[in-house]
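Student: Let me give you the structure first, and then I'll get to my questions.
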Amino acid sequence: MRAAATDTLLILGDSLSAGYRLPIAQAWPSLLDKKWQATPSLPKVVNASISGDTAAQGLARLPALLKQHQPRWVLIELGANDALRGFPTQDIQRDLSAIINQITAAKAQPLLMQIRIPPNYGRRYTDAFTAIYPQLAQQFDIPLLPFLWNRLPLSQSGCRMMVYTLTAMPNRLSLIGWRNNSSR
C-alpha cells in the first residue's frame, strides 16, 4: 500500500492526452501537473498516454502501469482511435469495460472522459459510439468528464483551455475522496 502523500492521477489516453505534435511539457497533463503541484494536497499527474493508442492497447498496458504507479485515480481518455478505424462499438465498449474493471480491482477510482468523433462516420455509428461513455459511467457508477476538444484545436491554446477547465475538477470530485488523503 502506498503512502497517502503520493496520491497519483494516472492518465491513460491517446494523442489528445499525449500532446500530439506538441512538446511534452506543453501537453495538457504536464500543464495540469505543474499547476496542481502548487497545492500540496492535490495529486501528482502521471501521463501514460500514447498517440495512436486504442482501448485494447491501453488495456494491454494497464496492468504494468497500475503496478508501477499505484494510482488512486485513473482518467481514461481512450476510444477515439478505435472509432476512427471503424472498430465495432461493442468491441470498444468491451475493452473500456475491462479497463474500468482492472482499475477497480486495483482499488483505484476510474474517471471516464467522453469522446466524440466526426459525423462523417454516419449517424448510426456516431450515435452508438457516443453512447458508450454515458452507458459505462452509469453501469459502473463512475464520473463522466465532458469531451472538451470539440471546440478546441489540439494546440497550446487548446491545452491551456483544457487545464483551465480541469483545474476545478478536484472540487467537483471531492465526493470520491479527491482531497481525502486517507489510505485506500
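Residue numbers for the sequence shown follow the numbering used here, so the first one is 3 and each next one is one higher.
Backbone N, C-alpha and C fix where the C-beta goes; we use that ideal spot for every residue, glycine too.
(1) To test your reading of the DSSP string, which unbroken beta strand (DSSP E) runs of 3 or more residues are found completely within the region 76 to 162?
(2) Please report how far the alpha carbon of Ser-17 lies from the alpha carbon of Ala-62, in whole angstroms.
(3) Using CA coordinates, which residue listed in Gly-21, Pro-65, Gln-116 and Pro-42 is at the minimum distance from Ser-53?
(4) Is the beta carbon of Leu-86 closer than 8 angstroms to that of Ser-51?
(5) Would Pro-148 pass as a contact of Gln-116 if the rule is Cβ separation under 8 angstroms?
(6) Helix, strand or coil: which one does DSSP assign to Leu-14?
(7) By a C-beta neighbour count over all protein chains shown, 10 Å radius and 16 as the cutoff for buried, is Arg-153 buried or exposed?
(8) From Ala-58 to Gly-124, what does the alpha carbon distance come to, in whole angstroms?
(9) What does a CB cutoff of less than 7 angstroms around Pro-121 pick up in its chain, not counting 5 residues either side in sequence?
(10) To which residues of the same chain is Pro-45 closer than 6 angstroms at the C-beta, ignoring the five residues directly before and after it?
(11) Within a Cβ cutoff of 7 angstroms, which residues of the same chain sit near Thr-106, ignoring the five residues on either side of it in sequence?
(12) Starting from Pro-65, follow the alpha helix (DSSP H) in both directions and report where the run begins and ends.
(13) Using 8 angstroms as the threshold, is the C-beta distance between Ala-110 and Leu-67 below it?
Tutor: Let's see:
(1) Whole beta strand (DSSP E) segments, 3+ residues: 111 to 115.
(2) Against the sequence shown, residue 17 aligns to sequence position 15. Against the sequence shown, residue 62 aligns to sequence position 60. Ser-17 and Ala-62: Cα-Cα distance of roughly 17 angstroms.
(3) As a position in the sequence shown, residue 53 is number 51, starting the count at 1. If we check each option's Cα against that of Ser-53, Gly-21 comes out closest.
(4) If you number the sequence shown from 1, residue 51 lands on position 49. If you number the sequence shown from 1, residue 86 lands on position 84. Cβ atoms of Ser-51 and Leu-86: not closer than 8 angstroms.
(5) Sequence index remark: in the sequence shown, residue 148 carries index 146 (1-based). Sequence index remark: in the sequence shown, residue 116 carries index 114 (1-based). Cβ distance < 8 angstroms, so Pro-148 and Gln-116 count as in contact.
(6) Mapped onto the sequence shown, residue 14 falls at position 12. Strand.
(7) Working through the sequence shown from its first residue, we reach residue 153 at position 151. Here Arg-153 scores only 49 on pLDDT, less than 50, and its place in the model is too uncertain to base an answer on.
(8) Working through the sequence shown from its first residue, we reach residue 58 at position 56. Working through the sequence shown from its first residue, we reach residue 124 at position 122. Rounded to the nearest angstrom, the two C-alpha atoms are 23 angstroms apart.
(9) On the sequence shown, position 119 is the one that residue 121 refers to. Excluding positions up to five away in sequence, the list reads Thr-128.
(10) Here residue 45 is taken as the residue at index 43 of the sequence shown, counted from 1. Within the same chain, Pro-45 has close Cβ partners Asp-9, Thr-10 and Leu-11.
(11) For the purposes of this step, residue 106 is taken as residue 104 along the sequence shown, with counting starting at 1. So the list reads Pro-112, once near-sequence residues are dropped.
(12) For the purposes of this step, residue 65 is identified with residue 63 of the sequence shown, where counting begins at 1. Note, Pro-65: alpha helix (DSSP H), 57 to 71.
(13) Along the sequence shown, one-based indexing puts residue 110 at 108. Along the sequence shown, one-based indexing puts residue 67 at 65. No, the Cβ-Cβ distance between Ala-110 and Leu-67 is not below 8 angstroms.
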